[in-house]
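The next block holds one structure in the form of structure tokens; read it before the comments.
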Amino acid sequence: MRATSSVMIGRAAETGLLSSALDTASRRSGRAIFFVGDAGIGKSRLAGECAYRAYERDMPVLRGRATSTGLVVPFRPLVEALSSRFRAAGTPTDPELDPYRPALARLVPEWRQGPSPGYPETVVELAEALLRLLSVLGQEHGCVILLEDLHDSDTETIAVVEYVIDNVADLPVLLLGTLRPEPGVALDLVRSAERRQVATVRELAPLSDTEVRGMTASCLEATPDEVPQATHERLVDRAGGNPYLIEILLADLLDSGQLRRTGDRWQAYGNPDAAVPTGVVRSWSRRLDRFDEPVRELLLCAATLGSQFSVSVLQTVTGFDDRTLFSHLRSAVEASIIAPDGANPDRYTFRHALTAEALVASLAPAERAATARRAAASLAAVKDELGDEQLQLMATLQLAGGDGHGAARQFAAVGRRMLTAGASGSAVILLERARSLAHASDLRGVTESLAVARAEAGELDTALALTAELPPVPPRSEAAEQRGETHVRIAWAAVMAERVDEAAEQIRTARSLLGTAVRPEQEAALDVVDGHLALLPGQVPRVQQRSAQDAARRAAAVAEEHHLPVVACQAWQLLALLSRERGFDEADACLERMLAVSEQHDLPVWRVEALVRLGANTFMRTGDPARLETARTAALSLGALVPTQTVDGLLAMNAVMRGAWDGAHEIIERSVAASARVRNLGAHRYLLLASAALAAHRGRRRELDRALVRFRRAGGEESLLVPLQLGLCRAFAALLEEDRGRALADLDGSLAWEREHPSFFYLSGRYGLRPLLRVLDGQDGRAELSAALESPGADLAWNQLFLRLADAVLQGREGDSAAAARSVGSAFADAAAFPLARHLGLRLTAGAALAEGWGEPVNWLRASEEYFYGAGIQPVAAACRAALRQAGASVGQHRGGWDRIPAPLRTNGVTPREYEVFVLLPERPGNQQIARRLSISPRTVEKHMASLLSKTGRQDRSALCDFAAEYAVEAD
8 MRATSSVMIG RAAETGLLSS ALDTASRRSG RAIFFVGDAG IGKSRLAGEC
58 AYRAYERDMP VLRGRATSTG LVVPFRPLVE ALSSRFRAAG TPTDPELDPY
108 RPALARLVPE WRQGPSPGYP ETVVELAEAL LRLLSVLGQE HGCVILLEDL
158 HDSDTETIAV VEYVIDNVAD LPVLLLGTLR PEPGVALDLV RSAERRQVAT
208 VRELAPLSDT EVRGMTASCL EATPDEVPQA THERLVDRAG GNPYLIEILL
258 ADLLDSGQLR RTGDRWQAYG NPDAAVPTGV VRSWSRRLDR FDEPVRELLL
308 CAATLGSQFS VSVLQTVTGF DDRTLFSHLR SAVEASIIAP DGANPDRYTF
358 RHALTAEALV ASLAPAERAA TARRAAASLA AVKDELGDEQ LQLMATLQLA
408 GGDGHGAARQ FAAVGRRMLT AGASGSAVIL LERARSLAHA SDLRGVTESL
458 AVARAEAGEL DTALALTAEL PPVPPRSEAA EQRGETHVRI AWAAVMAERV
508 DEAAEQIRTA RSLLGTAVRP EQEAALDVVD GHLALLPGQV PRVQQRSAQD
558 AARRAAAVAE EHHLPVVACQ AWQLLALLSR ERGFDEADAC LERMLAVSEQ
608 HDLPVWRVEA LVRLGANTFM RTGDPARLET ARTAALSLGA LVPTQTVDGL
658 LAMNAVMRGA WDGAHEIIER SVAASARVRN LGAHRYLLLA SAALAAHRGR
708 RRELDRALVR FRRAGGEESL LVPLQLGLCR AFAALLEEDR GRALADLDGS
758 LAWEREHPSF FYLSGRYGLR PLLRVLDGQD GRAELSAALE SPGADLAWNQ
808 LFLRLADAVL QGREGDSAAA ARSVGSAFAD AAAFPLARHL GLRLTAGAAL
858 AEGWGEPVNW LRASEEYFYG AGIQPVAAAC RAALRQAGAS VGQHRGGWDR
908 IPAPLRTNGV TPREYEVFVL LPERPGNQQI ARRLSISPRT VEKHMASLLS
958 KTGRQDRSAL CDFAAEYAVE AD
């Protein structure tokens with residue numbers, strides 16, 4: 008007779024909630040649900056019910072569980088969840104997942120291709136990769152990810168869960184988590200999500216007396232009325248409404264014969280106060296006594312290893328051969344005590360965590376400690392073959408066996424390895440555990456490592472407090488060197504957090520510890536941090552930046568000499584940043600050296616960083632995106648989402664400037680939302696800026712205004728991108744509306760902002776478009792242009808086009824027509840990659856050439872008119888036609904253009920010329936404004952307006968403008 012219920016009792020509200028959530032997930036409306044309750048209350052049964060109902064709907068299910076052994080294993084539940092799906096179903100092949108495969112390979116070993124490239128994915132990058140994977144899996148029917156026992160989970164998993172909670176709403180995904188109501192980061196997260204209304208939380212209550220009777224009847228395959236009253240009262244009294252305890256106590260009653268079926272009824276026997284165990288521990292102790300001694304020993308050893316245990320580790324501890332081991336495991340499985348773990352063939356799990364706890368508690372304290380010592384010794388014998396998880400288990404067993412100091416050393420060693428691997432959150436947990444157990448002789452080193460882990464986990468204040476507690480060490484001693492390295496690492500974390508005062512204090516402390524006899528390699532590491540500190544905005548005068556450059560150059564040389572490649576890469580990167588204000592050649596030379604060092608020493612992260620910076624410089628100097636594409640490929644091969652999104656922003660802007668507008672839109676769409684989710688704010692703002700530039704360069708004012716609203720909401724107007732917003736977006740939009748005064752005002756605003764906030768952005772118009780417009784207006788002369796030509800910004804091909812055209816205008820005014828013509832030809836040759844800028848330059852320069860009689864302005868105007876007409880930028884095309892007429896040149900008529908007119912308007916007889924007026928009406932301009940933008944007379948505008956009113960059937964101008972706005976929305 009089984010002692011388990013085949014049906015779920017008392018959870019109708021929870022199962023209804025799950026059914027509703029599964030239905031909404033299948034309709035691409037995701038939810039996060041958490042069940043909170045004590046051990047044995049039924050959380051896993053509900054998770055299993057959710058999985059069953061999902062399978063019925065043909066929804067993929069990923070199921071993982073945190074370990075209850077106290078071991079800290081980063082992403083353990085996620086690894087198990089993904090393995091549970093892909094070990095059987097195989098890995099998905101969707102191209103959409105290609106950028107995320109390297110990151111996901113950290114969770115799914117089967118996805119690894121060759122050795123790991125060593126890129127330390129951030130938790131946010133990994134979380135975004137998981138979110139994309141879940142979205143792909145659920146694109147047909149929705150999908151479910153079940154994460155159980157989150158109270159035992161590592162901090163990295165909790166961070167990923169938080170990210171999924173915050174971003175699951177519009178995805179076909181149901182996240183179901185279970186946890187106990189124990190204080191900790193998991194419960195804090197769930198309560199916070201509930202308060203923010205981004206998750207549904209249900210606390211599972213104990214079963215009522217009626218539900219206890221119903222569950223007992225289900226276990227006995229009887230009706231509720233057939234349950235003996237004495238048995239019912241005993242279960243109500245002892246189990247407290249906990250389903251697991253009901254089953255365990257009921258199983259003991261059956262096994263001991265105190266509950267038997269006699270004829271057609273169940274009957275209770277014995278004295279409940281004397282013969283029946285008084286708790287679960289005694290119940291399990293009695294059950295163990297019924298097994299053979301080897302099976303009993305195996306179960307006790309397994310329980311000592313935790314509620315989930317590795318078969319290979321269990322074999323090491325027990326010494327059983329394969330045949331004996333698996334024979335005993337089968338006996339335990341048949342007794343419904345343990346079960347194979349479906350997600351891992353080497354692992355078994357107790358049917359409930361309380362089972363392992365009860366088995367261990369059934370031992371006397373001395374026997375419990377002896378069992379733990381024996382298991383720890385068995386693992387220590389093969390220590391070199393153990394991974395981090397097994398080493399933590401060994402430390403846990405050492406602690407249970409009474410060797411706290413040995414456990415502390417082992418926890419500290421694993422914690423330091425996790426810190427090196429980038430799992431700073433898990434490192435903090437292990438190092439805190441080690442610190443609480445450490446011998447006095449080990450405490451200093453453990454505390455120093457913990458301070459670094461806290462700093463790199465973003466807890467800088469806690470790290471500083473820990474260093475303040477450290478006892479002094481003798482200057483210039485080995486201990487002082489170790490302490491100094493600790494302060495340098497914390498200083499770097501402070502620089503990355505832009506905590507200037509704290510970073511400077513850490514550097515001063517490190518220098519005082521190391522004394523005057525600092526080794527060159529130590530000085531190099533200090534100088535690199537000092538130099539990056541000098542770059543923080545508004546903190547250090549330029550003269551100190553020049554001093555930092557000298558120190559960085561020395562640091563680079565020393566680092567290479569002493570085989571410190573990471574420090575060398577940091578130094579060359581710093582030099583590139585510091586030297587860029589003097590031009591690109593010197594900066595590129597530093598980056599090329601950084602690239603060579605990273606490739607020589609197989610540092611893939613630093614190689615990507617060098618490629619991104621080199622690609623950005625090449626794109627700005629020549630307009631060629633090839634090196635940026637190489638950088639993106641390298642970033643993708645590492646699964647480095649943040650650098651990939653940074654490159655996408657640059658590629659999108661490059662595509663806008665090259666007139667590849669469809670390509671720019673595609674790049675922006677693939678990365679802008681993801682960059683916001685992973686909080687890659689720099690890349691996100693730049694992508695939004697590229698979106699605004701795309702609208703501006705297509706002459707679409709309404710789209711530009713909407714894009715700039717998004718840019719402002721992302722904090723763009725408090726960033727160093729403001730000059731580009733004014734010069735590359737607003738000024739260009741004004742020029743494409745033939746509003747030169749407004750464009751020059753935007754460029755003046757950009758220059759004023761840059762003077763208050765110095766930066767190295769050279770595409771703001773300060774070094775190209777603005778000098779040209781001022782020369783055309785007669786405001787600047789040769790001296791001002793020469794100053795612009797001598798700046799580093801003049802190296803950019805984009806800027807060179809406008810500067811050479813400005814030079815041509817001045818040469819024409821000076822009477823040197825031949826030189827002016829050569830300057831124009833040189834400008835056009837170098838700007839072949841930028842068709843819009845080239846034709847805009849032609850249109851702007853043609854007026855001066857016509858007035859002063861040099862060059863080929865008529866041909867330039869015709870070429871520009873053809874380009875802008877084809878691009879749908881009618882104000883400039885119309886201005887070119889007007890200028891041709893004023894020059895007495897023939898103006899070719901475009902018999903085409905009908906294809907741009909929406910079919911309903913075309914059917915009503917609206918002509919291409921009338922449609923040019925129609926597309927301007929959403930902005931509700933006056934006739935004079937329309938006339939200026941299309942370079943036609945106000946009288947012609949009046950005729951077109953009258954014709955449009957007649958052909959569209961609108962009663963007045965306001966109704967016609969509303970009608971045009973509706974079409975504009977549909978077109979968008």
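Mapped onto our numbering, the consecutive letters of the sequence shown carry residue numbers 8 to 979. Here a beta-carbon is modelled for each residue, glycine too, at the ideal position from N, C-alpha and C. Quantities reported herein were computed from a predicted structural model and do not represent experimental measurements.
Specify, as a first and last residue, the run of the beta strand (DSSP E) that proline 945 falls within. What you label residue 945 is simply residue 938 of the sequence shown in a count that begins at 1. Proline 945 -> not in any beta strand (DSSP E); alpha helix (DSSP H) instead, spanning 945–959.
Can at least three beta-carbon pairs, one atom from the stretch 667–687 and one from the stretch 846–858, be found at a separation below 8 Å? Inter-segment contact for the stretch 667–687 and the stretch 846–858 is absent: fewer than three beta-carbon pairs are separated by less than 8 Å.
On a CA-only basis, which of Ala310, Ser338, Ala237, Pro301 is nearest glycine 326? Give me that one, please. Residue 326 sits at position 319 when you count from the first residue of the sequence shown. Of Ala310, Ser338, Ala237, Pro301, the residue nearest in Cα terms is Pro301.
Taking 8 Å as the cut-off, does the stretch 231–244 touch the stretch 262–277 (at least 3 CB pairs, one atom from each stretch)? yes
Looking at asparagine 249 and arginine 684, is the spacing between their C-beta atoms short of 8 Å? The residue you call residue 684 lines up with position 677 of the sequence shown. The residue you call residue 249 lines up with position 242 of the sequence shown. Taking 8 Å as the Cβ cut-off, arginine 684 and asparagine 249 do not qualify as a contacting pair.
Within a Cβ cutoff of 7 Å, which residues of the same chain sit near alanine 282, ignoring the five residues on either side of it in sequence? Position 275 of the sequence shown, counted from the start, is the residue given in the question as residue 282. At alanine 282 the pLDDT is 36, less than 50, meaning the model places this residue with poor confidence and gives no usable figure here.
Over what stretch of residues does the alpha helix (DSSP H) that includes glutamine 818 continue unbroken? On the sequence shown, residue 818 is found 811 positions in, with the first residue counted as 1. 804–820 is the extent of the alpha helix (DSSP H) around glutamine 818.
Our contact map puts alanine 136 next to leucine 111 with C-beta atoms below 8 Å; I'd like the distance itself, whole angstroms only. Position 129 of the sequence shown, counted from the start, is the residue given in the question as residue 136. Position 104 of the sequence shown, counted from the start, is the residue given in the question as residue 111. Confirmed, Cβ separation roughly 5 Å.
Going by beta-carbon coordinates alone, are threonine 185 and leucine 227 separated by less than 8 Å? Counting from 1 along the sequence shown, the entry for residue 185 is found at position 178. Counting from 1 along the sequence shown, the entry for residue 227 is found at position 220. It is not a contact, given that the beta carbons lie outside the stated cut-off.
According to DSSP, simplified to helix, strand and coil, what is valine 547? By one-based count along the sequence shown, residue 547 stands at place 540. Low per-residue confidence applies at valine 547: pLDDT is 46, beneath 50, and the placement is therefore not dependable enough to give any value.
Pull up the CB-CB distance for glutamine 732 and alanine 699, whole angstroms please, since I reckon it's below 8 Å. Numbered from 1 along the sequence shown, position 725 holds the residue referred to as residue 732. Numbered from 1 along the sequence shown, position 692 holds the residue referred to as residue 699. Correct: roughly 7 Å between the Cβ atoms.
Taking 8 Å as the cut-off, decide whether the C-beta atoms of aspartate 101 and valine 143 are in contact. Translated into the one-based positions of the sequence shown, residue 101 becomes position 94. Translated into the one-based positions of the sequence shown, residue 143 becomes position 136. Cβ distance < 8 Å, so aspartate 101 and valine 143 count as in contact.
If the criterion is Cβ atoms closer than 8 Å, does the pair proline 84 and serine 160 meet it? Residue numbering aside, residue 84 sits at position 77 when the sequence shown is read from its first letter. Residue numbering aside, residue 160 sits at position 153 when the sequence shown is read from its first letter. For proline 84 and serine 160, yes; Cβs fall inside 8 Å.
Using a threshold of 8 Å, state whether the C-beta atoms of threonine 323 and alanine 379 are closer than that. For the purposes of this step, residue 323 is identified with residue 316 of the sequence shown, where counting begins at 1. For the purposes of this step, residue 379 is identified with residue 372 of the sequence shown, where counting begins at 1. The answer is no: Cβ separation not under 8 Å.
In chain order, what are the residue ranges of uninterrupted alpha helix (DSSP H) at least 4 long that sit wholly in the stretch 77–105? Within the stretch 77–105, the complete alpha helix (DSSP H) runs of at least 4 residues are 83–96.
What number of angstroms, rounded off, separates the C-alpha of alanine 798 from the C-alpha of leucine 808? Position 791 of the sequence shown, counting from 1, holds the residue named residue 798. Position 801 of the sequence shown, counting from 1, holds the residue named residue 808. According to the sequence provided, residue 798 is serine. The question's alanine does not apply to it. So the alpha carbons of these two residues sit roughly 15 Å apart.
Can you give the Cα-Cα distance for glutamate 973 and alanine 690, rounded to whole angstroms? Locating residue 973 in the sequence shown gives position 966, where the first residue counts as 1. Locating residue 690 in the sequence shown gives position 683, where the first residue counts as 1. Going by the C-alpha atoms only, they are around 33 Å apart.
Coil, strand or helix - glycine 522 by DSSP: Taking the first residue of the sequence shown as position 1, residue 522 is located at position 515. If DSSP states are grouped into helix, strand and coil, glycine 522 belongs with coil.
Looking at the secondary structure, which residues open and close the beta strand (DSSP E) in which cysteine 150 lies? Counted from its first residue, the sequence shown places residue 150 at position 143. Run containing cysteine 150: 150–155, per the beta strand (DSSP E) assignment.
Within the same chain, show all residues whose beta-carbon is closer than 7 Å to that of isoleucine 344, passing over the 5 residues directly before and after it, in chain order. Counting from one through the sequence shown, the residue named residue 344 turns up at place 337. Non-local C-beta neighbours of isoleucine 344 in its own chain, meaning closer than 7 Å and more than five positions away in sequence, comprise Leu306, Phe357, Arg358, Thr362, ordered along the chain.
Using DSSP bridges, identify the partner residues of threonine 11. For this step, residue 11 is matched to residue 4 along the sequence shown. Per DSSP, threonine 11 has no beta-bridge partner at all.
Among Glu163, Ser897, Ile40, which has the Cα closest to the Cα of glutamate 201? Counting from one through the sequence shown, the residue named residue 201 turns up at place 194. When only C-alpha atoms are compared, the closest one is Ile40.
Below 8 Å on the Cβ atoms is my contact criterion, and I expect leucine 406 with alanine 414 to pass it. Report the Cβ-Cβ distance as a whole number of Å. What you label residue 406 is simply residue 399 of the sequence shown in a count that begins at 1. What you label residue 414 is simply residue 407 of the sequence shown in a count that begins at 1. Between alanine 414 and leucine 406 the Cβ distance is about 4 Å, and since that is below 8 Å, they are a contact.
Run of the alpha helix (DSSP H) containing glutamate 791, from where it starts to where it stops: Your numbering for residue 791 matches position 784 in the sequence shown. Counting along the chain, the unbroken alpha helix (DSSP H) around glutamate 791 starts and ends at 789–796.
At which residues does the beta strand (DSSP E) containing tyrosine 355 begin and terminate? Along the sequence shown, one-based indexing puts residue 355 at 348. In this chain, the beta strand (DSSP E) harbouring tyrosine 355 covers 354–357.
Pick helix, strand or coil for valine 219, following the three-state DSSP scheme. Here residue 219 refers to the residue found at position 212 of the sequence shown. Helix.
Roughly how many angstroms lie between the CA atoms of phenylalanine 418 and glycine 522, to the nearest whole one? For the purposes of this step, residue 418 is identified with residue 411 of the sequence shown, where counting begins at 1. For the purposes of this step, residue 522 is identified with residue 515 of the sequence shown, where counting begins at 1. Their Cα atoms are separated by approximately 32 Å.
Minimum C-alpha distance to aspartate 755 - residue among Phe768, Ala740, Arg781: Here residue 755 is taken as the residue at index 748 of the sequence shown, counted from 1. The option with the nearest alpha carbon to aspartate 755 is Arg781.
Starting from the C-beta of histidine 3, find all residues in its chain whose C-beta is less than 6 Å away, skip the five residues before and the five after it, and write them out in chain order. Since the first residue of the chain shown is 8 and the last is 979, residue 3 is not available in this structure.
Using 8 Å as the threshold, is the C-beta distance between alanine 88 and isoleucine 172 below it? For the purposes of this step, residue 88 is identified with residue 81 of the sequence shown, where counting begins at 1. For the purposes of this step, residue 172 is identified with residue 165 of the sequence shown, where counting begins at 1. No, Cβ-Cβ distance for alanine 88 and isoleucine 172 is not below 8 Å.
Can you look up arginine 35 in the DSSP assignment and give me helix, strand or coil? Reading the sequence shown from its first residue, position 28 is the one you call residue 35. Coil at arginine 35, not helix or strand.
By Cβ distance below 8 Å, which residues in the same chain neighbour glutamate 724 in space, the five residues on each side in sequence not counted? Counting from 1 along the sequence shown, the entry for residue 724 is found at position 717. Result list for glutamate 724: Phe718, Gln732, in chain order.
Endpoints, the beta strand (DSSP E) within which arginine 907 is located: Position 900 of the sequence shown holds residue 907. Careful: arginine 907 lies outside any beta strand (DSSP E) and carries neither H nor E.
Does valine 171 come out as helix, strand or coil in the three-state DSSP assignment? The count along the sequence shown starts at 1 and reaches residue 171 at position 164. Correct three-state label for valine 171: helix.
Which of the three DSSP states, helix, strand or coil, is assigned to serine 897? The sequence position of residue 897 within the sequence shown is 890, counting from 1. In this structure, serine 897 counts as coil in the three-state DSSP scheme.
Inter-stretch contact (C-beta, 8 Å, three-pair minimum) for the stretch 934–948 and the stretch 869–887: Segments in contact, yes.
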